[in-house]
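Visitor: Residue numbers (our numbering), protein chains in the order written: chain A, 1 to 468; chain B, 469 to 953; chain C, 954 to 1375. Heads up, the beta-carbon is just placed ideally off N, CA and C, and yes, glycines get one too. Owing to the predicted nature of the structure, the values given are computational and were not obtained by experimental measurement.
So, in structure tokens, the structure goes:
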């Protein structure tokens, strides 16, 4: 089972006609099981405990802020006329965007037979679900009377005697995000069942065995089961791929179907999708690069994986840049005064600082990934991806706030200022995200063992054929 | 133990260490004619379907049906809810606006299809199934780690334990074992049942509370979560409010804004500003500044005086009323004139309004009587409409300006009415429309006739009176003559 | 799992050369194509007016151009992602992609009509356009800084320069490898594929704005470039599928292109059909929902008269029918069925372009009888596109005759031949 390994652990160069290995070292199937299971089976490290405590504290703070909001009303936010969609919607779009990479890595890369996805898809899918949970919080608490949020559902109401308004993009959003959350959860869980069975079969403790036994639904690894499982997985991937596109498309409809200058532009759907993939991959890298070295996963999440993800960031970052440019060009080409003003205002108006932060983080910083050195040096990757995340948050801020604060009615123009509650909720949502993610690291298989083993099997098969 | 279980042999399992040896064994077993076989692997093995002769699944068809159900559900739901059961129009779109229904239809298609794929797969696989005879083998735990197992079921028609074991050993397996009945207790552990029941009971409680609330009437007033949302504090015009720094509840115009239709300088000043700019650029600039500053209370103090009308009036006043003269306009002017002007100038514009009469009566010393509007110098040829407008707006001599009380367009209406008033005093017949001339002449002749009759009657009466008086005088004379004393 | 790797035939194997029966077609196709093109243009111009004639020409040109740049994109993206499966069909795409050079020459008539005519194809080219349509002079002045004949010509030259440069560079690299078999060639082509793709995306987007969107000078849609791009990529995959099928029928590359490749092309066609409707629907929905007159104008004209049937027909026949047709794995694994659906989509792609371009010519001729215009327009368009396409294919056959039809020494050829779907 030994394989020719390039020097060190760097498999990012590939001679045409040969494929660089995706599982490095003298790794066997059992090594993969060991490497992944030890993450959950050993005692939590100090770093994990500290990280978890911080995240959990932030989560509590988030909860307190939400209670304060419910008790006092939405006035505790900086949302004022005309910017009624302030930070809550910015945060919502930001988190939904982050929630795109997981299912994208799983589904689209699966459909394109990108085998390098196998060692990162699990964590990315988990990240998707947690990000969607963070995202779902914001519109929920933004509706004002959050305890009546169930009015969004089309249920036969005895009080209202009427139905939700299906021509509203906000309702499409409810359907899109909840469908996305549900399908991502199914996809994630289904992918995890064989690995949970591995956990079950390795557990020494009776209760642990029982818990993983229930979660793994009695999976035995039967070939008939695998056959149907793979079919179902491929089908789910085929649905999830257009679903990923549709979700951010519909989020973009929230803006683009209106007539607000700077919002009503037809490129929004693909541009939002590209932006979402961009930010999602950035978040995956921000999390996975430190996790990879802290949890000892270098042989499974190799430099080539990082290199590929950086390339995707570069590609989507450039698409986003092209879309910014197109918007500007068409605003001028269209010669509609309001549109021209909206775009001038973005770049040179009161929010110029947000705009130029966005441009430098989203368009300029990923261009550094043209240089291979940057794509293969972990700390630089983390640095750039953090900038990308900041930039993508600012992109949503620029779209939401700069357009709303300068709409058609100049008498209503105002400058938006966030309050401490806005800040707390943004930071608190990170608490929610990291709490869930850290728990996931401890409790679930963070790498798809079954698929990684299949990749290794293929690698062995090819090596075997080359020997003959 | 072994005696008991030998009757319950489910099949034989063999362990392999690599994919290649497993595949070779599978092919061999298949070629031997065994059909009830299965392989257990830690990951999906490419090519095992053919090696074992596994038929493709019907799952895609189930999923297709689920997906189409989703599409149909979404479309029917939206059309029925928004177009039939509770139809209403939003943003001018038709009741059944298909493009707007597509996103939800797409989402539900995907959702239903995904449910179909997910649950369909488990259903076809017969999972969850927590008890499986193959799990009894202690080495089988490695089927999810790094070992590959081939299993031949005892139900296979060709099954014969010794033959099968030999065959499997021949394929190169080091470990061949018969699979026996799982003898672990069949009962679900008690604590699971207890927890399950507790959770179920607890989860029903909120539902019961809601249901109870739905059917119960309560005498106590409802609880207001946001008091000020349910009872919003509304203010009257002159009240003060703590909400704004200037403590006024009524908000002034926003700085820098202009009301609709108020951008026209000529219209606002009554002066042809373009011409003024040519004659007197400085004056024009001041005028423009004054007009703009006028709407900005913050800079009101800095407002320079509007250009005072000089003696030699060179100001290019608008010669014509910029508003279209209609009956409505003149009537509006009449109404406004009645409200604001008539108190001094009198209803007929003669300068003898109530205030004037009162001033005369009390012999007010400083009183300057208001002008009569029927002087020649105030006629349109000498006193252009624009100047008249300016006078109404900014006042003249003792008369104050009315710009802050009367809207611009209404001031122009007053100008129109004043012209009508002036004309009414000096109208000639040719000003009257042809159709009405006859009418008027008829009326005039009637009035003339009446006047004439009246005059005649008066004359007659006077004559009669004179005659009577004369007669009386004569009679008196006669009486005096008869009675010399 | 196959136990042995497929054997790569030697580079001079007859399976890799263009079958003689096809190269014999080249000359007749060139002559016939040119003839049909001229006749088509003449039918439009003299049967109706110069605008109809030139618009039919433009439609045919855009059709061939989208196929060609679609293939260019295909080649770039295969290098960008270091794809292994596609190597056996990549040369076909490379042959179509170099057609960008003759297409640049075929663009000259459009430039001539622009430089010497007044508003023959593009309404903004008419100096009195703004006046006749009572356009606000200030914004028209700004706009004509972009939409004027010289700057337009300059931009067209830029686009063609970039595309031809890329096409020739990648074609040369690939044919050079046929001789030498150097791996470094693949490395070099891969190295440049990133910037090349970016240059491609920028130019395609702006070319779509210039050549089709500006037909309606005051209409704008930021998504339009993406819409064009979706059509390009979809039709390029269809073209590869049909070409591979025809070549195999004639006896070439029978062992190299397998059912697996048709299956994969089928999946991509299926996927890009979905992508096309996604872009088309998003564009329509946003404009329909926003309901701003400047924007709805474009779709409004496509709902007038007979055009409404074309508009609705596109949804059903450009998307729904082929989408359902290619959904099944069983269809995708049958080469003849995939060839049928690919040819069908190629026809619908033409209808799509016809729907984008011709209503603008139609609208500009208010007085004539609509039925008459319709017939003449359709005859002219069909002749033009048949002519231009046959001209292009004739040239492809010429070039293919002088080189191989498979990248015979590509280091990934063996991987491509061995490739299997899930």
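Apply the 10 Å Cβ neighbour rule to residue 1373(C) and answer buried if 16 or more other Cβ atoms are within range, or exposed otherwise.
Guide: It is exposed - the Cβ of residue 1373(C) has fewer than 16 other Cβ atoms within 10 Å.
Visitor: So the candidates are 1357(C), 1369(C), 1342(C); which of them puts its Cα closest to the Cα of residue 1018(C)?
Guide: Out of 1357(C), 1369(C), 1342(C), 1342(C) has the C-alpha closest to the C-alpha of residue 1018(C).
Visitor: In chain A, which residues lie with their C-beta within 8 Å of the C-beta of residue 1236(C)?
Guide: The contacting residues are 266.
Visitor: List the residues of chain B that residue 1241(C) touches, going by C-beta distances under 7 Å, in chain order.
Guide: Chain B residues near residue 1241(C): 567.
Visitor: List, in chain order, every chain C residue whose beta-carbon is nearer than 7 Å to that of residue 256(A).
Guide: Those are 1239, listed as they occur along chain C.
Visitor: Secondary structure at residue 482(B), three-state DSSP: helix, strand or coil?
Guide: Looking at residue 482(B) - three-state DSSP - the assignment turns out to be strand.
Visitor: Can you give me the Cβ contacts of residue 508(B) inside the same chain, cut-off strictly under 6 Å, excluding the 5 residues immediately before and after it?
Guide: These residues qualify, in order along the chain: 611, 617.
Visitor: Please confirm if residue 962(C) has its CB atom under 9 Å from at least one CB of chain A.
Guide: Not an interface residue.
Visitor: Report buried or exposed for residue 766(B), applying the criterion of at least 16 other Cβ atoms within 10 angstroms of its Cβ.
Guide: Since pLDDT at residue 766(B) reaches only 43, below the 50 mark, its modelled position is unreliable, and the value read off the structure follows with that caveat. Exposed.
Visitor: On a CA-only basis, which of 949(B), 477(B), 733(B) is nearest residue 651(B)? Give me that one, please.
Guide: Out of 949(B), 477(B), 733(B), 477(B) has the C-alpha closest to the C-alpha of residue 651(B).
Visitor: For residue 1244(C), go through chain B and note every residue whose CB falls closer than 8 Å to its CB, in chain order.
Guide: Neighbours of residue 1244(C) on chain B, chain order: 559, 560.
Visitor: Starting from residue 671(B) and walking both ways along the alpha helix (DSSP H), at which residues does that stretch end?
Guide: Per DSSP, residue 671(B) belongs to the alpha helix (DSSP H) from 658-683.
Visitor: If you draw a straight line from the C-alpha of residue 457(A) to the C-alpha of residue 22(A), how long is it?
Guide: Rounded to the nearest angstrom, the two C-alpha atoms are 11 Å apart.
Visitor: Identify which residue in 200(A), 364(A), 146(A), 410(A) has its Cα closest to the Cα of residue 724(B).
Guide: Minimum Cα distance to residue 724(B) is reached at 410(A).
Visitor: Do residue 881(B) and residue 800(B) have their beta-carbon atoms positioned less than 9 Å apart in this structure?
Guide: Yes. Within cutoff.
Visitor: Could you check what DSSP says for residue 508(B) in three-state terms: helix, strand or coil?
Guide: Correct three-state label for residue 508(B): strand.
Visitor: Using beta-carbon positions only, say whether residue 395(A) and residue 425(A) come within less than 9 Å of one another.
Guide: Cβ distance not < 9 Å, so residue 395(A) and residue 425(A) don't count as in contact.
Visitor: Between the Cα of residue 1332(C) and those of 994(C), 1109(C), 1112(C), spot the shortest distance and give me the residue it belongs to.
Guide: Minimum Cα distance to residue 1332(C) is reached at 994(C).
Visitor: Please say whether residue 1176(C) and residue 1165(C) have beta carbons closer to each other than 9 Å?
Guide: Not a contact, by the Cβ cut-off of 9 Å.
Visitor: In the stretch 223-238 of chain A, which residues sit with their C-beta less than 8 Å from some C-beta in chain B, listed in chain order?
Guide: The residues in question are 223, 224, 225, 226, 227, 228, 229, 230, 231, 232, 235, 236.
Visitor: Ordered along the chain, which non-local residues of its own chain (more than five positions away) have a Cβ less than 8 Å from that of residue 1098(C)?
Guide: Hits under 8 Å: 1104.
Visitor: Hey, would you say residue 92(A) sits closer than 9 Å to residue 138(A), going by beta carbons?
Guide: Yes, the Cβ-Cβ distance between residue 92(A) and residue 138(A) is below 9 Å.
Visitor: What does residue 1213(C) reach in chain A if we use C-beta pairs closer than 8 Å?
Guide: The contacting residues do not exist; residue 1213(C) stays about 12 Å from chain A at best.
Visitor: Given a threshold of 16 other Cβ atoms within 10 Å of its Cβ, counted over all protein chains shown, does residue 922(B) qualify as buried or as exposed?
Guide: So residue 922(B) ends up on the exposed side.
Visitor: For residue 922(B), does the three-state DSSP call read helix, strand or coil?
Guide: Helix at residue 922(B).
Visitor: Starting from residue 70(A), trace the alpha helix (DSSP H) both ways and give me its first and last residue.
Guide: That run of the alpha helix (DSSP H) goes 46-72.
Visitor: Just to confirm, is the Cβ distance from residue 14(A) to residue 200(A) under 9 Å?
Guide: For residue 14(A) and residue 200(A), no; Cβs fall outside 9 Å.
Visitor: In this structure, how does DSSP classify residue 1338(C) when only helix, strand and coil are distinguished?
Guide: In this structure, residue 1338(C) counts as helix in the three-state DSSP scheme.
Visitor: Give the single residue among 167(A), 60(A), 144(A), 198(A) whose Cα lies nearest to the Cα of residue 85(A).
Guide: Checked all of 167(A), 60(A), 144(A), 198(A); the closest Cα to residue 85(A) is 144(A).
Visitor: Which value, in whole angstroms, describes the spacing of the CA atoms of residue 449(A) and residue 203(A)?
Guide: Straight-line Cα distance between these residues: approximately 16 Å.
Visitor: Between which residues of its own chain and residue 789(B) is the CB-CB distance below 7 Å, once the five residues before and five after are set aside?
Guide: So the qualifying residues of the chain are 853, 880, 883, 884.
Visitor: Could I get the ranges of all uninterrupted alpha helix (DSSP H) runs contained in the stretch 133-202 of chain A, with 4 residues as the minimum, in chain order?
Guide: Those alpha helix (DSSP H) runs which fall completely within the stretch 133-202 of chain A and span 4+ residues are 169-202.
Visitor: Between the alpha carbons of residue 401(A) and residue 346(A), how many angstroms are there, rounded?
Guide: Spanning the two alpha carbons is a distance of roughly 10 Å.
Visitor: Please work out which residues of its chain come closer than 7 Å, Cβ to Cβ, to residue 27(A), disregarding the five sequence neighbours upstream and downstream, and give them in chain order.
Guide: Cβ within range, chain order: 299, 456.
Visitor: Measure from the C-beta of residue 1255(C) to each C-beta in chain B and report whether the shortest distance is under 9 Å.
Guide: Not an interface residue.
Visitor: Can you tell which of 228(A), 295(A), 361(A), 286(A) has its C-alpha closest to the C-alpha of residue 40(A)?
Guide: Closest option to residue 40(A), Cα to Cα, is 295(A).
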